[in-house]
Amino acid sequence: MIEVEVKAKINDRDDMLQRILALGGSHVSDEEQHDLYFNAPHRDFALTDEALRIRRSGGKTFITYKGPKIDEESKTRKELETEVSDHQTAAEILESLGFRRVREVVKERSIYSIGEFTVSIDTVRGLGTYLEIETDLPDGSDYGEALSEIFELYRKLGVEDGFERRSYLELLELARE
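Structure, rendered in structure tokens:
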């Protein structure tokens with residue numbers, strides 16, 4: 001699967017929520033997400049632009065691999081994800097294989113849908129509030145049209161700047177330095 005995603009820093013969560021609803025957005029869920037990131041023993045994911053995480057959210061746990069970003073203007077990348085039953089055991093398996101914990105990212109996420117797009121307002125502990133718009137496409141798809149539609153949706157929501165390609169993990173690591 002290819003995840004086509006663009007995010008932007010926003011200043012006013014409530015104002016953005018009103019804009020999403022005005023465009024016909026439907027509320028999907030509110031979640032607290034705990035993402036535990038790992039680095040590999042055989043290569044540095046910070047250098048290869050990859051990510052491996054265990055996400056706990058809504059009583060479920062997922063392990064996710066994200067490949068390198070495939071363009072210069074978005075966070076579009078290959079994503080593989082599967083549900084696991086126990087986050088502690090999943091973390092112990094990875095650590096037993098030589099993967100090391102990097103950092104936990106915690107966020108409050110409100111999820112909406114507008115057409116085929118998922119629109120999330122994220123309040124990230126230590127970073128502030130962001131808007132993410134994404135859609136998933138089959139591997140090998142031409143994602144250019146979806147990316148154009150995402151930027152058009154941002155325009156309709158009144159967001160013309162503040163776009164951010166770095167992950168929340170990268171931003172938190174930069175803030176630590």
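In the UniProt record's numbering, the protein residues as written are 1 to 177.
Just so you know, even glycine gets a beta-carbon here, dropped at the ideal spot from N, CA and C.
- Under the DSSP assignment, Ala51 falls in the beta strand (DSSP E) whose first and last residues are Ala51 to Ser57.
- Restricting attention to beta strand (DSSP E) runs no shorter than 3 residues, the segment 39 to 106 encloses them at 51 to 57, 60 to 66 and 77 to 84, ordered along the chain.
- Within its own chain, the residues whose Cβ lies closer than 8 Å to the Cβ of Glu104, once the five positions on either side in sequence are excluded, are His34, Asp35, Leu36 and Tyr37, listed in chain order.
- Taking 3 residues as the minimum length, the beta strand (DSSP E) runs contained wholly in the segment 111 to 168 are 117 to 124 and 128 to 137, in order along the chain.
- Collapsing the DSSP output to three states places Ile10 in coil.
- Comparing alpha carbon positions, the residue from Asp30, Glu50 and Ser74 closest to Pro68 is Glu50.
- Within the same chain, Arg109, Ile111 and Glu132 come within 6 Å of Ser120 by CB-CB distance, once the 5 residues on both sides are set aside.
- For Ser57, the closest C-alpha among the options Asp86, Gly140, Ile70 and Thr48 is that of Asp86.
- Shown here for Arg100: same chain residues with a beta carbon closer than 7 Å to its own, the five before and five after excluded, namely Phe38 and Asn39 in chain order.
- Here the alpha carbons of Val6 and Lys75 stand approximately 6 Å from one another.
- Between the alpha carbons of Glu177 and Thr61 lies a distance of about 30 Å.
- Beta-bridge partners assigned by DSSP to Val4: Thr135.
- One thing to note: Val84 has its Cβ no nearer than 8 Å to the Cβ of Leu169.
- Remark: fewer than three beta-carbon pairs, one from each stretch, lie closer than 8 Å, so the segment 17 to 35 and the segment 139 to 149 are not flagged as touching.
- Of the candidates Val159, Arg53 and Leu94, the residue whose Cα lies closest to the Cα of Asp15 is Val159.
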